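Inspection log for the structure reproduced underneath, given as structure tokens.
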Amino acid sequence: MKIKQLPTAGLIVVENNKLLLTFSKNKKAWYLPGGKIDEGETSKEALICEIKEELNIVLDPNNLNYCFHITAMAYGENNLLMEQDCFCTILNQKITPSSEIEAYHYFSREEYLEEEIQVEGVITAFKLLELYKKSEQICSDFLYYFLISIYLSAKGPVISFSS
Numbered sequence: 001m002k003i004k005q006l007p008t009a010g011l012i013v014v015e016n017n018k019l020l021l022t023f024s025k026n027k028k029a030w031y032l033p034g035g036k037i038d039e040g041e042t043s044k045e046a047l048i049c050e051i052k053e054e055l056n057i058v059l060d061p062n063n064l065n066y067c068f069h070i071t072a073m074a075y076g077e078n079n080l081l082m083e084q085d086c087f088c089t090i091l092n093q094k095i096t097p098s099s100e101i102e103a104y105h106y107f108s109r110e111e112y113l114e115e116e117i118q119v120e121g122v123i124t125a126f127k128l129l130e131l132y133k134k135s136e137q138i139c140s141d142f143l144y145y146f147l148i149s150i151y152l153s154a155k156g157p158v159i160s161f162s163s
């Protein structure tokens, strides 16, 4: 049987090293907030509409930054591959879940892995966020040691002011 692709958009919100997830009444599982991209919509436009519907939050498109893309089998669906563009933002509005969302919660990866039902796309999001965090630390460390090496090898002040 042929696998169908489902284009979707997901919201990445991290607070205190925890990822925002919503509990879907229909699927009885924790997911990234977001949803399906309709014909003629961009992933960002779809995400703005879905977040308004699910969480009663109006997202500013200028404050949505593309994070990564997730490809994963859709939970509870046979032969359906979710293709999800994920955007990150900082929420400064109160979340008010709609009728299709039972709850929302910020999870660490460890907390999520203790849940009875785990969704492949959410696990992938946690893995990608960990990779980003590690790469930021590596870049930060590299920059620190690079600047120290320049300073130590300089024959005089690194920066000089002349009048």
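The sequence shown begins at 1 in the UniProt record's numbering and counts up by one. Don't be surprised by glycine CBs; every beta carbon is placed ideally from N, CA and C. As the structure is a prediction and not an experimental result, all values here were calculated from the model.
Using CA atoms only, rank isn't needed, just tell me which of the options is closest to residue i.
i	options	result
residue 187	114, 56, 16, 73	Here the chain has residues from 1 to 163 only, and residue 187 is not among them.
residue 131	67, 47, 63	67
residue 119	89, 87, 71	71
residue 104	3, 76, 24	24
residue 110	61, 91, 40, 126	126
residue 92	14, 3, 43, 85	14
residue 133	17, 2, 11	17
residue 74	19, 63, 30, 107	30
residue 98	26, 2, 12, 19	26
residue 86	3, 35, 2, 22	35
residue 28	115, 41, 63	115
residue 106	19, 60, 89	19
residue 192	89, 69, 90	Since the first residue of the chain shown is 1 and the last is 163, residue 192 is not available in this structure.
residue 121	60, 89, 21	21
residue 90	129, 41, 63, 79	63
State the DSSP-derived secondary structure class of residue i, mapped to helix, strand or coil.
i	result
residue 43	helix
residue 158	In this prediction, residue 158 has a pLDDT of 47, which is less than 50 and means its spatial position is unreliable; what the coordinates show is noted afterwards. It is coil, neither helix nor strand.
residue 7	strand
residue 70	strand
residue 63	helix
residue 57	coil
residue 83	strand
residue 76	coil
Quick check: the Cα distance between residue i and residue j, rounded to an integer number of angstroms?
i	j	result
residue 46	residue 58	12 Å
residue 9	residue 65	12 Å
residue 94	residue 5	33 Å
residue 11	residue 39	19 Å
residue 155	residue 7	Note that residue 155 has pLDDT 48, beneath the 50 cutoff, so the model's placement of it is unreliable and the number below is only indicative. About 57 Å.
Can you name the residues that DSSP bridges to residue i?
i	result
residue 18	15
residue 101	24
What's the call for residue i, buried or exposed, on a 16-neighbour Cβ count within 10 Å?
i	result
residue 54	buried
residue 96	exposed
residue 43	buried
residue 51	buried
residue 81	exposed
residue 117	exposed
residue 76	exposed
residue 61	exposed
residue 32	buried
Would residue i pass as an interface residue toward chain D - the criterion being a Cβ-Cβ separation below 8 Å?
i	result
residue 117	Absent from the structure is chain D; it holds one protein chain and no more.
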